[in-house]
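One structure is given below, encoded as structure tokens.
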Amino acid sequence: MPLLKRGKASLSSSSLSRVLVHMETDSEESPFSSSSSSEGEEEEDGRVSDDEDEGNDEEAVEGEEEDRAKKRKAPITISLKKVCKVCKGTGHEAGFKGATYIDCPRKPCFLCKRPGHTTMSCPHRVATEHGVIPAARRNTDTSLDYIFKRQLKAKIPMIKPTFVIPDQLDCGIIRFHSRRVTCLEFHPTRNNVLLSGDKKGQLGIWDYGKLHEKTVYGSIHSCIVNNMKFNLENDGLLYTSSSDGTVRCTDLETGTSFFLLDLNPEGWNGPATWRMLYGMDINVEKGLLLVADNFGYLYLVDGRLKTRIAGPIVIHKKGSKVVGLHCNPVQPDIFLSCGNDHFARIWDARRLEAESSLASLAHGRVVNSAYFSPLTGNKILTTSQDNRIRVWDSIFGNLESPSREIVHSHDFNRHLTPFRAEWDPKDPSESLAVIGRYISENYDGVALHPIDFIDMSTGKLVAEVMNTDITTISPVTKLHPRDDVLASGSSRSLFIWKRRGGQCPEQRLLEAKSKKIVGRVEKKSSGKLNGESDDDFNHSSKEKKLKAKNLDGKYLSGQTKAKP
DNA sequence: AGTGAATGGGTCC
DNA sequence: TGGACCCCCTTCAC
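For the first sequence, the positions run 1 to 564 when full-length UniProt numbering is used.
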């Protein structure tokens with residue numbers, strides 16, 4: 001396991017303070033000697049790390065050949081003193097110690113990003129142990145709010161509905177995709193079918209009810225599938241938008257597909273002209289497809305006529321990437337966009353032109369996603385790379401500031417699919433959200449990245465869902481529209497989570513075992529989960545390790561905590 | 001098993 | 001406005 005590997009590496013480097021390396025090759029320069037001499041700092045034991053360097057200046061007068069010969073023959077002593085790989089300073093080390101990550105004490109806080117403390121001592125981490133904690137709710141004193149509180153709130157039952165958390169790993173496909181998973185979608189009518197897109201442009205179809213029924217269509221797109229939406233009239237047809245600049249419509253039975261939109265008809269002419277489609281949604285009233293590109297433009301496509309009917313219209317800073325679109329579930333003409341210009345914007349499709357947005361929601365960094373609440377569409381949930389999940393009240397709020405801010409670790413923006421907090425479509429109170437977590441915690445000796453369920457109305461972490469078999473980060477999460485099922489995409493693998501105590505057909509478990517599938521986790525013939533050996537993987541005790549935690553009630557029942 | 005690469009946004013000049 | 005450089009707990013293939 002990579003975790004063990006990390007632990008070993010840190011142990012050995014700290015226990016060995018000096019290493020003698022005999023250079024036998026005649027390479028021009030040793031990367032070791034140059035790097036250690038540039039540090040130029042004294043070791044803890046008082047000796048200088050590289051004695052040769054001290055005399056190098058005087059010897060430089062001598063002939064090059066002699067110098068080279070000396071380098072060739074002379075053994076080079078390098079030191080493995082405690083150097084922090086983050087700040088390059090000495091006296092401390094950042095990195096994993098076992099399953100616990102030690103932060104560099106010299107760096108500012110990476111979690112809440114406020115000055116005055118480090119990640120280790122961040123109040124948003126220390127108070128809850130995991131980093132999810134509400135920032136202050138905006139104190140609104142508008143007359144509308146007053147009326148709401150006075151007349152309506154008293155009638156709202158104070159008992160919150162119990163959230164249903166699918167917290168137990170049910171099944172999975174390891175290395176289903178050949179590149180990392182970028183998006184997930186449940187089939188609208190076939191309950192056990194999960195669609196997945198990946199970075200390579202492939203489309204996966206998996207019937208997790210039957211476990212083995214899976215298909216990958218390899219040539220739908222030429223790069224990242226960013227969004228999937230089903231055709232409203234025929235759920236055998238799937239629309240996909242991609243960084244190859246196209247929207248395609250694919251027949252899920254045959255795998256054949258055709259263009260609805262191609263923004264790069266002339267092919268690759270460099271990054272300055274190559275258009276990529278990131279956001280996509282469907283206006284269900286008009287059957288219109290909304291897509292947006294990496295230059296700030298929106299396009300409207302008629303799915304039936306297969307033609308572009310509007311656009312390009314600038315909806316975000318020109319030249320900046322639009323990363324998400326979402327139509328209001330109640331008023332589909334009202335839609336949300338979010339982008340790299342640090343804004344989420346509300347638009348009316350009926351009067352659409354540049355700078356005609358109804359509202360602009362300011363964020364501290366890039367906005368990864370913005371979603372209307374699923375039932376009323378009154379609340380907006382945004383995820384920003386400033387490590388905050390925000391709720392904006394589009395009825396009672398003034399939208400100049402969010403009504404709730406929750407500090408949560410999800411800011412890793414490179415090499416991972418961006419994290420996106422999504423509403424639970426089945427929660428009648430429209431307050432439960434799910435999002436994967438970037439930062440890891442030490443859970444009984446294993447560093448895990450859980451999937452967090454957060455009550456956005458209180459800011460409380462309701463549950464952190466994890467499994468010791470899944471040590472990779474799960475940036476892609478999707479809750480089933482009807483069933484108590486969570487799908488997660490972690491690297492190239494897909495997982496299905498169900499609620500504990502729910503249906504767990506013993507028959508299928510046994511059948512899975514006989515086919516060398518343990519813990520209802522399917523392994524491809526040559527694939528290994530997180531680099532484990534086959535023996536390790538097939539060990540029956542693995543099942544004992546399967547666990548998920550439900551932390552409901554663990555945290556203080558206080559409504560909000562003031563910002564530090 | 002150790003290394004490098006894929007790769008995007010922020011910041012600074 | 002654009003290019004160079006920096007970056008934190010990645011993941012994987014070679």
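Just so you know, even glycine gets a beta-carbon here, dropped at the ideal spot from N, CA and C.
Need the endpoints of the beta strand (DSSP E) that residue i sits in, please.
i, result
"Y278", "277-283"
"residue 604", "As shown, the chain starts at 1 and ends at 564. That puts residue 604 outside it, with no answer to give."
"N368", "367-372"
"residue 568", "Examination of residue 568 is not possible in this model, given that the chain is present from 1 through 564 alone."
"G324", "322-327"
"Y443", "441-443"
"R390", "388-393"
"L300", "297-302"
"K379", "379-384"
"L479", "476-479"
Between residue i and residue j, is the Cβ-Cβ spacing less than 8 Å?
i, j, result
"K259", "T246", "In the sequence as presented, Lys is not what sits at residue 259; that position holds Phe. Yes. Within cutoff."
"L416", "I473", "yes"
"V446", "T471", "yes"
"G284", "S241", "The sequence shown places Val at residue 284, not Gly. Not in contact: V284 and S241 (Cβ atoms no closer than 8 Å)."
"N387", "L111", "yes"
"C104", "V86", "yes"
"P428", "L479", "no"
"P450", "E430", "no"
"K318", "G339", "no"
"L336", "A344", "yes"
"N226", "S243", "yes"
"L237", "C249", "yes"
"G287", "L232", "yes"
"K107", "T90", "no"
"L487", "L169", "It is worth fixing the name first, because residue 487 is Ala in this sequence and not Leu. In this structure, L169 does not lie closer than 8 Å to A487 by Cβ."
For residue i, which residues does DSSP report across the bridge?
i, result
"G197", "C183, L203"
"I346", "L336, A359"
"residue 574", "It is not possible to answer for residue 574, since the shown part of the chain is limited to 1 through 564."
"F110", "In DSSP, F110 forms no bridge with anything."
"N227", "S241"
"V216", "G204"
"I496", "C171, A487"
"K85", "Note: K85 sits in no beta bridge, so no partner."
"I102", "G95"
"W423", "A433"
Mapping DSSP to helix, strand and coil, what is residue i?
i, result
"R248", "strand"
"R404", "strand"
"H92", "coil"
"R125", "helix"
"A292", "strand"
"G46", "Note on G46: pLDDT 33, under 50, position unreliable in the model; the coordinate value appears next. Three-state result, G46: coil."
"W268", "coil"
"F259", "strand"
"L416", "coil"
"E253", "coil"
"K460", "strand"
"K524", "Model confidence at K524 stands at a pLDDT of 38, short of 50, so the residue's coordinates are unreliable; what they give is reported in the following sentence. Of the three classes helix, strand and coil, the one that applies to K524 here is coil, per DSSP."
"V330", "coil"
"V164", "coil"
"G319", "coil"
"V518", "In this predicted model, V518 has a pLDDT of only 28, less than 50, meaning its place in the structure is not dependable enough to derive any value."
Worksheet entry | Inter-stretch contact at 8 Å, needing at least 3 Cβ pairs: the region 377-386 / the region 415-422 | Two segments are said to touch when three or more pairs of C-beta atoms, one from each, lie closer than 8 Å; by this definition the region 377-386 touches the region 415-422.
Practice prompt. Report yes or no: do three or more beta-carbon pairs, one from the region 487-496 and one from the region 170-186, lie closer than 8 Å?
Written response: Counting Cβ pairs under 8 Å, three or more are found: they touch.
Worksheet item: Quick check: the region 363-375 against the region 319-332, are there 3 or more CB pairs under 8 Å?
Response: In short, these stretches touch, since the Cβ pair count reaches three.
Practice prompt. Spell out a yes or no on whether the region 92-109 and the region 390-410 are touching, meaning 3 or more CB-CB pairs, one atom from each, closer than 8 Å.
Written response: Not touching, per the Cβ criterion.
Practice prompt. Check whether the region 271-280 touches the region 202-221, counting contact only when three or more Cβ pairs, one atom from each stretch, lie closer than 8 Å.
Written response: Inter-segment contact for the region 271-280 and the region 202-221 is absent: fewer than three beta-carbon pairs are separated by less than 8 Å.
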